[in-house]
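As structure tokens, the structure follows; a few thoughts come after it.
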Amino acid sequence: MVTPTVDYVIDGCIYGHSISTAEEFIEWRSDIFYNKAYTILENDIDLEGMVLPAVGGESQLSGVLDGRGYTVSNFSYGYNYGLFYYINASGAVKNIQFVNVVQDCLGQAEGTHERMSLLGDNLMGTVENVLFKVTIKN
Numbered sequence: 005m006v007t008p009t010v011d012y013v014i015d016g017c018i019y020g021h022s023i024s025t026a027e028e029f030i031e032w033r034s035d036i037f038y039n040k041a042y043t044i045l046e047n048d049i050d051l052e053g054m055v056l057p058a059v060g061g062e063s064q065l066s067g068v069l070d071g072r073g074y075t076v077s078n079f080s081y082g083y084n085y086g087l088f089y090y091i092n093a094s095g096a097v098k099n100i101q102f103v104n105v106v107q108d109c110l111g112q113a114e115g116t117h118e119r120m121s122l123l124g125d126n127l128m129g130t131v132e133n134v135l136f137k138v139t140i141k142n
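Remember, this note's numbering sits 4 above the position in the sequence shown when you count from 1.
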């Protein structure tokens with residue numbers, strides 16, 4: 005687990021965590037602690053063909069992921085409950101692009117593709133200024 009960073013200020017806003025590498029993005033996505041912080045991207049993140057692990061019911065985004073206009077690209081994930089499982093009422097994903105994404109649904113029964121998306125379920129959270137370009141393999 006990554007040690008939490010000290011809050012810092014960029015353009016007058018206070019942030020609790022930043023992501024600048026593929027490894028940090030993967031760790032942030034899987035670590036519930038950072039899913040409660042206000043997190044920003046420092047630059048574009050190229051995941052270079054990584055396959056993201058499935059997320060489960062504990063992966064509820066309660067904080068903010070602010071991409072600040074940057075892009076997360078070149079990754080795939082299997083049939084699960086979206087890139088994020090839930091976005092809670094206090095959570096938000098904003099100002100970010102996810103491009104060159106592949107969701108692999110091979111072997112899934114017909115009619116089971118209802119959760120192929122950015123998130124499995126939105127529990128009153130905010131999705132704002134987000135581009136999600138995904139290719140579905142089935």
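The C-beta atom is built at its ideal place from N, Cα and C for all residues, glycine as well. This structure is a prediction, so every number in the text was calculated from the model and none was measured.
Whole angstroms is fine: what's the gap from residue i's alpha carbon to residue j's?
{"i": "Ala26", "j": "Leu56", "result": "11 angstroms"}
{"i": "Val106", "j": "Ile91", "result": "21 angstroms"}
{"i": "Leu69", "j": "Asp108", "result": "24 angstroms"}
{"i": "Glu52", "j": "Arg72", "result": "21 angstroms"}
{"i": "Ile23", "j": "Val76", "result": "11 angstroms"}
{"i": "Asn78", "j": "Lys137", "result": "11 angstroms"}
{"i": "Met54", "j": "Gly82", "result": "11 angstroms"}
{"i": "Val97", "j": "Val131", "result": "5 angstroms"}
For residue i, count neighbouring C-beta atoms within 10 Å of its own C-beta (all shown protein chains included) and say buried if the count is 16 or more, exposed if not.
{"i": "Gly129", "result": "buried"}
{"i": "Ala93", "result": "exposed"}
{"i": "Ile140", "result": "exposed"}
{"i": "Leu135", "result": "exposed"}
Considering Cα atoms alone, identify which of the options is closest to residue i.
{"i": "Phe29", "options": "Asn99, Ile49, Ala41", "result": "Ile49"}
{"i": "Asp35", "options": "Asn142, Gln64, Val131, Gly20", "result": "Gln64"}
{"i": "Thr43", "options": "Phe79, Tyr74, Ile140, Gly53", "result": "Tyr74"}
{"i": "Asn47", "options": "Asn104, Asn142, Asn99", "result": "Asn99"}
Let me see if you follow: with CB-CB separation under 8 angstroms, is residue i close to chain D or not?
{"i": "Ser94", "result": "Although the question refers to chain D, the structure presented lacks it and comprises just one protein chain."}
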